[in-house]
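All residue numbers for the sequence shown refer to full-length UniProt numbering, where the first residue is 1 and numbers rise by one. We put the CB at the ideal spot given by N, CA and C, even for glycine. Worksheet for the structure shown next.
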Amino acid sequence: MGGITLTQDERTGHTPPGDTAPPAPGAVPDHPGPKPRRGRTATALAGLVLAVLAAAFQQLSVAAVLPDLAADLPGGPGRAPWAVTAYLLTAAASLPLHGKLGDLYGRKGTLLSALALFTAATALAGWARTPDELVALRAVQGLGAGGVLAGAPAATACLAPARRRARQLALTGAAFASATLAGPLLGTYASAAASWRWTFHLTAPAALAALLLVAAALTPAAPGAARGRGSADAHRRARPGLLGALLLTTAATCLVLLLTWAGGQYAWTSRIVVGLACATAGSLLLYLVTTRRAPEPVLPPRLLRDPVLPVAGLVGAVVGACLTGVAFCLPALLQRGGPHGPPDTALLTLPLLGALAAAALVSGHLVHRTGHYAAQAVIGVAVACVGMWLLSRLDADTPRVDHSVWQVLVGAGLGLLLPVLVLAVQNAAPPADLGAATGAHALGGQLGVCAGATVLGTLVAGPGTLPAALREGYVEAYASAAPRVLLHLAALLAAALLVVLFLRERPLPADPRAAVPLPAARVPEPVPAAPAPQLTGPAPEPAGPPASVLPPPRDDAYEPAPPGAPLCGTVRHHDGTPVPGAALTLLDAHGRQTGRGASGAGGRYALSTPAPGAYVLLASATGHQPRAVTLTAGAHPDGPVERDIVLGGAGRLHGTVTTPDGVPAEDAAVTLTDARGEVVATARTGPDGGYALTDLLAGDYTLTAAVPGLGPTALPVGVHPDRGTRQDVEIAGGAFLRGTVRAPGGRPVDEARVTLLDAAGNTVGTLTTGPDGTFRFADLASGSYTVIASGYPPVAAPVQVAGGARTSRDISLGHGD
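Okay, here's the thing in structure tokens:
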């Protein structure tokens with residue numbers, strides 16, 4: 001078991017890699033003070049915000065400089081729009097995979113890899129000499145950006161529990177929206193002041209700074225720590241389903257290309273657009289089929305069964321489309337009102353950006369104080385809808401005060417909404433799937449951005465090759481279309497208002513700091529040196545202050561713990577579901593009991609320790625393997641230690657798979673499914689036909705064994721909670737019946753109809769013979785059958801089929817007397 005030190009800023013229950021040695025008995029480890037820990041959290045958060053700013057800025061800033069880019073690079077006008085499309089395409093396609101990799105291998109390592117890729121590609125893109133080089137580097141840059149946009153919000157789970165995390169998600173959400181909105185303006189200004197290459201030269205140092213800050217300050221989580229799946233070796237063996245990842249990536253790619261080409265380069269009814277739509281739908285259907293048996297699906301189907309993720313994804317897509325539309329249309333409308341250059345236009349859009357950032361921070365603070373967020377989402381969409389409708393009325397004569405107020409409404413509405421959507425998804429997802437859920441939600445927003453950005457990128461790139469007079473008319477026509485675009489966005493927000501009403505709220509647990517008071521000053525008792533304690537045998541009488549016995553906490557809430565150094569958390573299964581009624585025992589460094597309690601209906605528990613120091617927490621429940629973890633309580637003076645515990649089942653299922661003649665079946669696929677049809681465990685048989693499935697919860701299951709060349713066999717099985725269960729499987733069926741239909745002279749009969757009936761007279765199969773007169777029925781169970789052949793007067797012949805055997809039966813046709 002690994003020893004860890006958790007502080008106010010690290011209450012997620014993750015164990016840093018390599019920190020596996022338990023604290024020495026009888027010694028209380030040193031801990032850093034509160035200020036360095038708080039400063040480290042702020043540093044990590046600054047790195048995450050800076051990373052999101054860089055990735056979001058690169059989405060649309062290049063679209064604004066496409067005319068200069070196309071004129072500078074040889075052969076640019078034809079290929080320049082792909083500099084935008086390649087980035088959005090690879091970013092969207094990689095978002096779900098990055099989220100899953102963070103769940104499996106640790107969020108810090110995955111995020112750092114993506115940041116390093118993004119930084120390197122950004123630095124090189126600024127020196128591209130041909131359009132092909134730029135497009136290739138933008139594609140690589142998008143791969144890294146997908147990891148940043150999925151990993152940064154998920155990495156906030158390493159910094160704070162859900163309720164306090166709302167303020168951190170508000171910062172990352174405001175950074176994403178502000179960079180998306182300001183990207184075209186800042187890109188235009190950089191291109192006008194120096195060159196289009198400075199859109200990359202300015203981003204690369206910011207990305208490098210984010211990489212260094214995250215590497216230095218973000219607390220790492222052990223691979224799979226959030227999943228709670230046992231040993232580190234098991235996590236290293238975990239792999240995301242490659243086929244599912246390929247299908248999901250194909251679906252995202254086809255959908256982005258569909259949004260890019262439909263209605264612009266190709267008509268909606270063209271073969272290419274229809275083919276992309278069919279490919280998207282087909283890939284998604286195949287993904288849903290194949291992911292049921294995948295051990296680690298990229299997007300687990302259980303997430304889609306919860307309405308929170310689909311609702312938040314749809315609303316997030318609308319928000320992404322609104323950010324793109326406003327980023328391009330609002331500057332065009334403001335420039336119609338006067339000869340405003342990029343700096344002046346940027347100043348005119350400050351009300352929008354300021355209101356968005358301020359509203360996001362207020363939204364995070366309200367969630368932190370109240371624990372509720374659904375009402376803010378509804379209010380945010382409604383306010384943004386009204387503001388967008390007002391902005392669609394903006395013209396050259398609109399007073400500056402009026403359009404500033406309208407911008408404030410749009411920014412305030414989107415700011416209230418952005419952190420709420422991500423928090424709702426993370427609060428609804430099991431800890432094992434937090435990264436996958438965050439990546440899937442980010443994919444929805446990215447698809448919304450793609451719906452407008454790529455078409456607008458092509459539109460903006462076109463004037464680069466036109467004469468100056470025609471170019472001005474082109475821009476004027478584009479500005480004239482902007483009010484209609486904003487009006488359509490207002491209609492989209494009105495539809496999103498109806499959707500967001502179905503956002504199911506799960507109230508966040510109360511902030512433990514307010515619920516669990518700590519004494520003003522408590523000095524740890526000196527612990528004399530002693531031999532290593534033995535934690536076996538009956539527990540001795542508790543020493544020191546009396547043990548605290550706590551009632552089970554409320555569902556999804558913290559029960560206030562008695563005074564002392566508090567501990568709290570959740571007892572969960574591997575899939576994230578809670579374990580109610582689990583017994584918890586707290587032992588000090590000498591093995592003495594200092595507290596005990598039980599988990600409530602939602603798996604929550606709260607314990608109190610007599611003094612800060614190192615402890616061992618034991619958790620057990622009927623039908624589960626007991627678990628012991630070491631932790632240090634009281635390391636931070638103004639907050640408890642939060643530690644989630646994952647319990648695995650104690651049941652074991654084993655046996656042998658044999659063919660009908662008793663031969664062990666090697667490399668047979670053995671699958672165990674529960675009553676809902678979910679795959680619980682899988683295994684392959686060895687050379688002796690044996691298999692073993694471990695860590696199972698007690699209950700009734702369906703065991704399926706399949707051998708290549710033979711039919712699968714399924715049978716019900718019950719797993720006992722406290723002992724192994726043996727279940728041998730004999731593969732039934734798999735027999736073949738073949739033969740030839742012949743005429744009286746022995747000639748094979750072509751196109752003779754052959755029907756196979758079972759002993760009860762039911763039709764098993766029907767087929768027609770070929771030119772050689774042969775027929776063949778496969779995958780038959782043992783038993784008696786009747787073969788009926790017709791072509792001449794029908795002839796019926798009984799036949800006996802043995803399990804797994806190959807039986808031949810020729811039939812002669814002829815006229816009766």
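* Asked: Just checking my contact of residue 818 with residue 809 at CB under 8 Å: how many whole Å lie between their CB atoms?
  -> Residue 818 is absent from the model: the chain starts at 1 and stops at 817.
* Answer yes or no: do residue 701 and residue 717 have a C-beta to C-beta separation smaller than 8 Å? => yes
* Taking the alpha-carbon positions, what's the residue 25 to residue 358 distance? -> At residue 25 the pLDDT is 34, less than 50, meaning the model places this residue with poor confidence; the figure from the coordinates comes in the next sentence. So the alpha carbons of these two residues sit roughly 50 Å apart.
* To do: For residue 537, I'd like the list of residues in its chain whose CB is within less than 7 Å of its CB, leaving aside the five on either flank, ordered along the chain.
  => Summary for residue 537: the model assigns pLDDT 43, below 50, so the residue's position carries little reliability, and this model does not support an answer.
* Would a C-beta distance cut-off of 8 Å place residue 151 and residue 94 closer than the cut-off? -> no
* Shortest alpha-carbon distance to residue 614 belongs to which of 631, 62, 608? -> 631
* **CA-to-CA distance, residue 704 to residue 376, given in whole angstroms** => 48 Å
* **Burial state of residue 406 (16 or more Cβ within 10 Å)** => buried
* **Limits of the unbroken beta strand (DSSP E) element including residue 707** => Unbroken run through residue 707: none, as it is neither H nor E.
* **Cα-Cα separation between residue 402 and residue 409, rounded to whole angstroms** => 11 Å
* **Per-residue burial, residue 320 [other beta carbons within 10 Å of its own, 16 or more giving buried]** => buried
* What residue range is occupied by the uninterrupted alpha helix (DSSP H) comprising residue 718? -> Here residue 718 belongs to no alpha helix (DSSP H); instead the beta strand (DSSP E) covers 713 to 719.
* Counting along the chain, where does the beta strand (DSSP E) carrying residue 736 start and finish? -> 735 to 742
* Count the other CB atoms within 10 Å of the CB of residue 762; is the residue buried (16 or more) or exposed (fewer)? -> exposed
* Residues in its own chain within less than 8 Å of residue 364 by CB, not counting five upstream and five downstream? -> 166, 167, 168, 169, 170, 171, 419
* Asked: At what residues does the alpha helix (DSSP H) containing residue 302 begin and finish?
  -> 301 to 305
* To do: Tell me the start and end of each unbroken alpha helix (DSSP H) in the segment 165 to 221 that is at least 4 residues and wholly inside, in chain order.
  => 198 to 201, 203 to 217
* In the DSSP assignment, find the beta strand (DSSP E) that holds residue 413 and state where it starts and stops. => It is not in any beta strand (DSSP E) - residue 413 instead sits in the alpha helix (DSSP H) that spans 400 to 428.
* Asked: Can you tell me whether DSSP reads residue 68 as helix, strand or coil?
  -> helix
* **Span of the beta strand (DSSP E) around residue 754** => 753 to 757
* Hey, could you find the ends of the alpha helix (DSSP H) residue 298 is sitting in? => Premise fails: residue 298 is in no alpha helix (DSSP H) and is neither H nor E.
* To do: Return the chain-ordered list of same chain residues with a C-beta closer than 6 Å to the C-beta of residue 656, the five sequence neighbours on each side being excluded.
  => 689, 690, 728
* Asked: Among 782, 667, 741, 745, which residue has its Cα nearest to the Cα of residue 788?
  -> 741
* Anyone know if the C-beta pair for residue 315 and residue 500 falls short of 8 Å? -> yes
* Just the C-alpha distance for residue 451 and residue 159, rounded to the nearest angstrom, thanks. => 33 Å
* Asked: Among 300, 382, 142, 251, which one has its Cα closest to the Cα of residue 276?
  -> 251
* Asked: Between residue 645 and residue 663, which are expected to be in contact by the criterion C-beta below 8 Å, what is the C-beta distance as a whole number of angstroms?
  -> Not confirmed; about 45 Å, so no contact.
* Put residue 488 into one of helix, strand or coil per three-state DSSP. => helix
* How would you call residue 191, buried or exposed, if buried means at least 16 neighbouring beta carbons within 10 angstroms? -> buried
* Do you know how far the Cα of residue 446 is from the Cα of residue 324? -> 10 Å
* **Sequence-distant residues of the same chain with beta carbon closer than 8 Å to residue 416, five excluded per side** => 359, 360, 362, 363, 376, 377, 379, 380, 383
* Would residue 586 be called buried (16 or more neighbouring beta carbons within 10 Å of its own) or exposed? -> buried
* Which of helix, strand or coil does DSSP assign to residue 133? -> helix
* Between the Cα of residue 40 and the Cα atoms of 131, 156, 85, 129, which residue gives the shortest distance? -> 156
* Asked: Who pairs with residue 87 in a beta bridge, going by DSSP?
  -> In DSSP, residue 87 forms no bridge with anything.
* To do: Inspect the beta-carbon positions of residue 118 and residue 311 and report whether they are closer than 8 Å.
  => no
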